[in-house]
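Heads up: the structure comes next, in structure tokens.
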Amino acid sequence: MEQERGATPREVLVIGGNRYAGKRLVGRLLAAGDRVTVLNRGSSAPPPGALHLVADRDDETSLRSALGSRAFDVVVDQVCYTPRQAAVARRVFTGRTRRYVMTSTVEVYEFEDSIAPVRETDVDPRTVVVDLELPWDDPEFLDTHYGEGKRQAEAVFAAGPPFPYTAVRVAHVLGGDDDFTGRLEHYASRIRAGEPVTVPAVNHPATYIHVEEIADFLFWAAGEEFTGPVNAASHAPLTTEELCEAVAAQLGEGGILYRQVEVGEVSPFSFRRFYGMDNSLAVRLGFTFGNARRWLPRAVAETLGTAVPATVGRGV
1 MEQERGATPR EVLVIGGNRY AGKRLVGRLL AAGDRVTVLN RGSSAPPPGA
51 LHLVADRDDE TSLRSALGSR AFDVVVDQVC YTPRQAAVAR RVFTGRTRRY
101 VMTSTVEVYE FEDSIAPVRE TDVDPRTVVV DLELPWDDPE FLDTHYGEGK
151 RQAEAVFAAG PPFPYTAVRV AHVLGGDDDF TGRLEHYASR IRAGEPVTVP
201 AVNHPATYIH VEEIADFLFW AAGEEFTGPV NAASHAPLTT EELCEAVAAQ
251 LGEGGILYRQ VEVGEVSPFS FRRFYGMDNS LAVRLGFTFG NARRWLPRAV
301 AETLGTAVPA TVGRGV
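The opening residue of the sequence shown carries number 1 in my numbering; numbering runs sequentially from there.
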């Protein structure tokens, strides 16, 4: 990933970027010779080699003060969750960057129920209604409207006049010993205890991506010129059963129990709708995805802290 000899290093700003896929992205950018600045609220320092700016990205005055007169070739926004945040970012970075990469989510498709994998055109941000008056500052509201917040944030960047953005719609991320979600551990704890995994009566597969692969994808997207939404997902959707079997194999356990429910709460990675993502646009643009079934055993081993099978490669 090193830049060509004689190439001018890029000035790259990463908003967020102190954990999980973000810190891996920063590492890739630094390895490529880019000059990287990480902006966050000061909760943690960036990886060695990156500059650090401290600001509250929700506070436009704070953000402008921290940036001063700086301009960037690329901005990668890892923590844009609401249209208010997008509106602040768009005002602040218009004229300051040639490319803005927003990390979005598969959850923008949460109301889809498609037989075929969903494409970017199935949720066109140019048609999404933006409501800045919703209680986006309420953590509980934001948690229950995660997909809506991302949809409306995309819509702010997509509105006229043109802004040089892309929204990377990220599949469910697996892998790494620093997975902070606890979702695979949910399966592991129930399998260890012999308790059933609760799933919908009709349980659909979903698309996934390894944490290293999404870091690769964001690094790649930062250097491209396409705009608008793009799906980022490994090949081969996975079922809840495949995830549980991979967990059980790492634990040396068997006899997985399932409890089907028509209504009510279900286990993570169990879905009443199918909205697996079609990754063909990114493939046509030049990115090569791995196969989720190949890297799943390694991802589970990394997260659960078990031995990685010697016969399993990274596969991403």
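Heads up, the beta-carbon is just placed ideally off N, CA and C, and yes, glycines get one too. Since we're looking at a predicted model, the values are computed, not measured.
Practice item. Determine the direct distance from the alpha carbon of K23 to that of H145, and round the result to whole angstroms. Key: 26 Å
Check your understanding: Would you report the Cα separation of H210 and E302, rounded to the nearest angstrom?
Key -> 11 Å
Point to revise | First and last residue of the uninterrupted beta strand (DSSP E) at L13 | key: 11-15
**Study point:** Selection from Y100, Q85, T121 that minimises the alpha carbon distance to L134
**Key:** Q85
Practice item. Would you list the residues sitting across from D77 in a DSSP beta bridge? Key: I15, M102
Practice item. Would you mind listing the alpha helix (DSSP H) stretches within the region 111-146 that are 4+ residues and don't spill past its ends, in chain order? Key: 139-144
Review point. Taking C-beta to C-beta, are Y109 and V118 nearer than 8 Å?
Key: yes
Practice item. Using the DSSP secondary-structure output, state which residues sit across from Y208 in a beta bridge. Key: H172
Review point. Near D113, which residues of its chain fall below 8 Å by C-beta distance, leaving aside the five closest residues on each side in sequence?
Key: R273, F274, Y275
Review point. For Y165, which residues of its own chain have a beta-carbon under 7 Å away from its beta-carbon, when the five flanking residues on both sides are left out?
Key: Y100, M102, F157, T227
**Study point:** Straight-line gap, L13 to R151 (C-alpha atoms, nearest Å)
**Key:** 23 Å
Check your understanding: Is any heavy atom of the ligand FMN found at a distance shorter than 7 Å from the C-beta of A158?
Key -> Absence of the ligand FMN is noted for the structure shown, with no ligands found whatsoever.
Practice item. Report yes if the CB atom of V106 is closer than 8 Å to the CB atom of R169, and no otherwise. Key: yes
Review point. Where do the N-terminal and C-terminal ends of the beta strand (DSSP E) with T198 fall, by residue?
Key: 197-200
Point to revise | Proximal residues to G176 (C-beta, below 6 Å), its chain only, five neighbours per side dropped | key: V211, E302
Practice item. Using three-state DSSP, classify T8 as helix, strand or coil. Key: coil
Review point. Under the rule that 16 or more other beta-carbon atoms within 10 Å means buried, what is P139, buried or exposed?
Key: exposed
Point to revise | Three CB pairs or more closer than 8 Å across the region 192-204 and the region 261-271 | key: yes
Review point. What residues in its chain sit with their C-beta under 7 Å from that of R90, if we drop five residues either side in the sequence?
Key: V156, F157, F163
Review point. Are G27 and P47 touching if we call contact CB-CB under 8 Å?
Key: yes
Exercise for review: Rank Y258, N291, F111, A153 by C-alpha distance to the C-alpha of D131 and give the top, closest one.
Suggested key: A153
Point to revise | Distance, A116 Cα to S234 Cα | key: 16 Å
Check your understanding: Once you ignore the five residues that flank N291 on each side, which residues in its own chain have a CB closer than 8 Å to its CB?
Key -> S234, H235, A236, G315
Check your understanding: Shortest alpha-carbon distance to L51 belongs to which of D179, A66, R57?
Key -> A66
**Study point:** Classification of P125 by the beta-carbon crowding that lies within 10 angstroms, buried from 16 upward
**Key:** buried
Point to revise | Where P229 falls: helix, strand or coil (DSSP) | key: strand
Point to revise | Where the alpha helix (DSSP H) containing V283 begins and where it ends | key: 280-285
Check your understanding: Exposed or buried, what is G6 when buried is set at 16 or more other beta-carbons lying within 10 Å of its beta-carbon?
Key -> Note on G6: pLDDT 47, under 50, position unreliable in the model; no value is reported.
Practice item. Would you kindly work out how many angstroms separate the C-alpha atoms of G147 and E195, rounded to a whole number? Key: 30 Å
**Study point:** Nearest candidate by alpha-carbon position, reference R70, set C80, Y81, V79, L39
**Key:** L39
Point to revise | CB-CB length for L243 against R192, believed under 8 Å | key: Not really, about 15 Å apart at Cβ, beyond 8 Å.
Exercise for review: With a 10 Å radius around its C-beta and 16 neighbouring C-beta atoms as the bar for buried, classify T82 as buried or exposed.
Suggested key: buried
**Study point:** Local conformation of F93 per DSSP, three classes
**Key:** helix
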